[in-house]
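Those protein sequence lines, which keep their order, are chains B and U.
Per my numbering, the very first residue in the first sequence carries number 1; after that it's consecutive.
Per my numbering, the very first residue in the second sequence carries number 116; after that it's consecutive.
Yeah, the Cβ is synthetic: ideal placement off N, Cα and C, and Gly gets one too.
Notes to accompany the following structure.
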Amino acid sequence: NAGVMQNPRHLVRRRGQEARLRCSPMKGHNHVYWYRQLPEEGLKFMVYLQKENIIDESGMPKERFSAEFPKEGPSILRIQQVVRGDSAAYFCASHGLAGKGETQYFGPGTRLLVL
Amino acid sequence: SQQGEEDPQALSIQEGENATMNCSYKTSINNLQWYRQNSGRGLVHLILIRSNEREKHSGRLRVTLDTSKKSSSLLITASRAADTASYFCATLGPNTDKLIFGTGTRLQVFP
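Structure (C-alpha cells):
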C-alpha cells in the first residue's frame, strides 16, 4: 500500500510563472490537506478537501492560490504568478475518516523555489 | 496566531542521554500528536495522545498531556544519533480536521 505521494519533489520557478503541485493520497483516503512550511518554521494549514469539494480553505491566501481534488486523479495545489515569498515546502496529508481525529499521513513534500 | 509553541527551540545532547521537548497550545483539543522531520524530508507520525489521556508510551518515547495547562511533553529516552531531527507537536481541535503545528524543536544528538 503506497503512502501519500507528491510530485514533483523539487520545483524551481521564476517570478510570475505558475506552479502546480500534485498529491496522490493513500489508497482509500478521500480527505486531503495541504500545509505550507516556511524555512525554520512549523507547518501551517492551507486547505482541506474531499473529493470534488473544498471543505475548509481558511489558510489559503485569497489571491493566486487555488486547490482542487477531482473525482479522478490527484489533488492539485496551484499557485499563479509566483513570488519569492512563495518559496517553501508544501506538504499534503490524507486520512480516511473525517471527524474522528484520525492520524494524518504526510507525503514527502514539494520544495518550491522561486527565483 | 493559533500556532502552538515549543521549547526549547534547539537542544543538543550526547547519545544515551534523555531529551525532553515541551509544547504549549492555545485552544481546546481532541488530540495532540507528535511528528519527527529529518532535515529536508517529510513528517513521520510518532505518537497520538487523546484529550482524555494523561500519558502514553511507545518504545523509547513517552508523551504526557496536561489539558489544564494546555501543554504536552515528549521524552526520548536513551537517545541515539539517528534521533537527530526536528520534532513538532500538532493539535487537532474538537470540531475540525486540520492540524495546528507548533514551531518545532531541533534536536541534535552527538555520538
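Here the C-alpha atom of residue 92 of chain B lies approximately 28 Å from the C-alpha atom of residue 182 of chain U. DSSP, read as helix, strand or coil, puts residue 193 of chain U in coil.
Non-local C-beta neighbours of residue 50 of chain B in its own chain, meaning closer than 6 Å and more than five positions away in sequence, comprise 30 and 31, ordered along the chain. A residue is called buried when at least 16 other Cβ atoms come within 10 angstroms of its Cβ; residue 115 of chain B does not meet this threshold and is exposed. Counting only runs that start and end inside the region 131-178 of chain U, the beta strand (DSSP E) elements of at least 3 residues fall at 134-139, 146-152, 158-165 and 170-173. Within the region 74-105 of chain B, the runs of beta strand (DSSP E) that reach at least 3 residues and sit entirely inside it are, in chain order, 75-79 and 88-95. The C-beta separation of residue 209 of chain U from residue 143 of chain U comes to about 6 Å, placing the pair in contact by the 8 Å criterion. For residue 108 of chain B, the nearest CB of chain U lies under 9 Å from its own CB, placing it at the interface with that chain.
Nearest CB-CB separation between residue 218 of chain U and chain B: below the 9 Å threshold. Residue 148 of chain U reaches chain B at 103 and 104, counting residues in chain order whose Cβ is nearer than 9 Å. For the pair of segments examined, the region 129-136 of chain U was found to touch the region 186-201 of chain U: the number of CB pairs separated by less than 8 Å reaches three.
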